[in-house]
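*Asks:* After the structure tokens below, expect a handful of questions from me.
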Amino acid sequence: MADLEKIKAIPIKDVLSGMGHEPVKRTGNELYYYRFYVDGVHRKPNLAVDTKTNLFRDLVDTTRKGSVIDLIMMLHGCSFHDAVTMLDDNQIPTNHDD
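Residue 3 in numbering that gives the first Met the number 0 sits at position 4 of the sequence shown, and the numbers go up by one each step.
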């Protein structure tokens, strides 16, 4: 069984970086990214990652927020169990061309 606290501590910024996404802006503890998971032209970053709490939030769709597990579930359309397994096995796809 996976240690959920250990998995939730995996830095979201590292997961995003491993997928090829880097922040375009930093303010204090927050890193900002373009919403790469939404089609269209993005003129300003709308995905925030708080490096202190290790939580993300979508600044446009406020229902999209949470831990690294929630992020993987959102990006890959998978279950909680599958997201935990991917993170525990360090098997996050390197891009988001699902």
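Heads up, the beta-carbon is just placed ideally off N, CA and C, and yes, glycines get one too.
By the 10 Å Cβ neighbour count, where 16 or more other Cβ atoms means buried, how is Val48 classified, buried or exposed?
*Replies:* Position 49 of the sequence shown, counted from the start, is the residue given in the question as residue 48. Buried: at least 16 other Cβ atoms inside 10 Å.
*Asks:* Note down the Cα distance separating Val14 from Val40, rounded to an integer number of angstroms.
*Replies:* Locating residue 14 in the sequence shown gives position 15, where the first residue counts as 1. Locating residue 40 in the sequence shown gives position 41, where the first residue counts as 1. Roughly 23 Å between the two C-alpha positions.
*Asks:* Using beta-carbon positions only, say whether Leu54 and Leu46 come within less than 9 Å of one another.
*Replies:* Mapped onto the sequence shown, residue 54 falls at position 55. Mapped onto the sequence shown, residue 46 falls at position 47. Not in contact: Leu54 and Leu46 (Cβ atoms no closer than 9 Å).
*Asks:* Report yes if the C-beta distance between Pro44 and Arg34 is below 9 Å; otherwise report no.
*Replies:* Translated into the one-based positions of the sequence shown, residue 44 becomes position 45. Translated into the one-based positions of the sequence shown, residue 34 becomes position 35. Going by C-beta atoms, Pro44 is nearer than 9 Å to Arg34.
*Asks:* Of the choices Pro10, His20, Glu21, whose alpha-carbon is the least far from that of Thr50?
*Replies:* Start at 1 with the first residue of the sequence shown, and residue 50 comes out as number 51. Checking every option, the nearest Cα to that of Thr50 belongs to Pro10.
*Asks:* Does DSSP put Asp57 in a helix, in a strand, or in coil?
*Replies:* The residue labelled residue 57 in the question sits at position 58 within the sequence shown. Correct three-state label for Asp57: strand.
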